[in-house]
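In the numbering used here, each residue carries its 1-based index in the sequence shown increased by 165.
Here a beta-carbon is modelled for each residue, glycine too, at the ideal position from N, C-alpha and C.
Comments concern the structure below.
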Amino acid sequence: MLKRLLSYFYPIKIHTQKSTLSQSLEITWANGNLVMDSENTNYSYGSLQRILKLGLKNIGFAKIKKMESILVLGVAGGSVIKTLVDEIQFKGNITGVEIDAEIIKMANQYFKLDEMKQLQIVIDDAFEFVLKTKEKYNLIIIDVFQDTKMPNFLFESFFINRVCFLLKSKGFILFNTMLLNNAENLRNQKLIDEFKSENFSIKTIPRVEKHNELIVIEKLT
Numbered sequence: 166m167l168k169r170l171l172s173y174f175y176p177i178k179i180h181t182q183k184s185t186l187s188q189s190l191e192i193t194w195a196n197g198n199l200v201m202d203s204e205n206t207n208y209s210y211g212s213l214q215r216i217l218k219l220g221l222k223n224i225g226f227a228k229i230k231k232m233e234s235i236l237v238l239g240v241a242g243g244s245v246i247k248t249l250v251d252e253i254q255f256k257g258n259i260t261g262v263e264i265d266a267e268i269i270k271m272a273n274q275y276f277k278l279d280e281m282k283q284l285q286i287v288i289d290d291a292f293e294f295v296l297k298t299k300e301k302y303n304l305i306i307i308d309v310f311q312d313t314k315m316p317n318f319l320f321e322s323f324f325i326n327r328v329c330f331l332l333k334s335k336g337f338i339l340f341n342t343m344l345l346n347n348a349e350n351l352r353n354q355k356l357i358d359e360f361k362s363e364n365f366s367i368k369t370i371p372r373v374e375k376h377n378e379l380i381v382i383e384k385l386t
């Protein structure tokens, strides 16, 4: 309790762990809340939770609450899952795909992710998972990072088309991206310009928390 109170004045690091995939991971008390950070960015809770919550609000909490199944690619500490369950009161099934098993161990220990009965965690690469799964989802959240870097496959037409194929009728994709330089700005614009489909609409929510851009894809039929 003392550390939590002191965190309103300055961050208090309580756990640091090396991970082969994510390098350095930290659990910190900040402004009265536990957050998970990589070396250079917030991985869960903190700014990331605010970013994804804004995207979920854009889709509509009431609409999400009525959905049956949600896929989260990139779980980390599970802050977006907490938003879905605690704030939106989503009662359906959530599948979380995370490549780094060490992150899930930390999420279970510090954020009680394993106590969410409607959540199934799959330790797998996001690209491999979307190729293999036969399930379809009402909402797919893409939040895949290695520190501040995003794997190139996320922006390839094949991957985006496959994720769109996994959507149920009138489903949504919420894609969180980070823009730190002009090349990344052009990368996002290229994806948006090349995305053409009569069955889908695409829009962006730019400059969220300064460096993030949310891409929202809606299946119209």
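Collapsing the DSSP output to three states places residue 167 in a helix. Shown here, residue 256 sits in coil according to DSSP, grouped into three states, outside any helix or strand. For residue 286, the closest C-alpha among the options 239, 354 and 193 is that of 239.
For residue 214, the number of other beta carbons within 10 angstroms of its own is at least 16, and it is reported as buried.
Between residue 379 and residue 216, the gap from beta carbon to beta carbon is short of 9 angstroms.
The DSSP-derived three-state label of residue 212 is helix. Classified as buried, residue 193 has 16 or more neighbouring CB atoms from the shown chains inside 10 Å of its CB. Along the segment 277-352, the alpha helix (DSSP H) occurs as fully enclosed runs of 4 or more residues at 291-297 and 322-330, listed in sequence order. Secondary structure note for residue 368: it is in no alpha helix (DSSP H), and the uninterrupted beta strand (DSSP E) holding it is 365-373.
As the crow flies, the alpha-carbon of residue 205 is around 9 angstroms from that of residue 189. Taking a contact to require three or more Cβ pairs closer than 8 angstroms, the segment 236-251 and the segment 301-316 qualify as touching. Counting of Cβ neighbours within 10 angstroms places residue 266 among the exposed residues, the total staying below 16.
Pairwise C-beta distances place the segment 263-281 out of contact with the segment 313-331, as fewer than three of them are shorter than 8 angstroms.
Counting only the Cα atoms, residue 247 lies some 16 angstroms from residue 227.
If you look at residue 244, you'll find it isn't in any beta strand (DSSP E); it sits in the alpha helix (DSSP H) that goes 244-247. Nearest C-alpha to residue 382 among 196, 264, 220 and 178: 220. Nearest to residue 334 by C-alpha distance, out of 232, 186, 288 and 256, is 232. Here DSSP, grouped into helix, strand and coil, assigns residue 241 to coil. Residue burial is scored here from C-beta neighbours: residue 251 has fewer than 16 other C-beta atoms within 10 angstroms and is therefore classed as exposed. Distance from the CA of residue 323 to the CA of residue 174, rounded to the nearest whole angstrom, comes to 47 angstroms.
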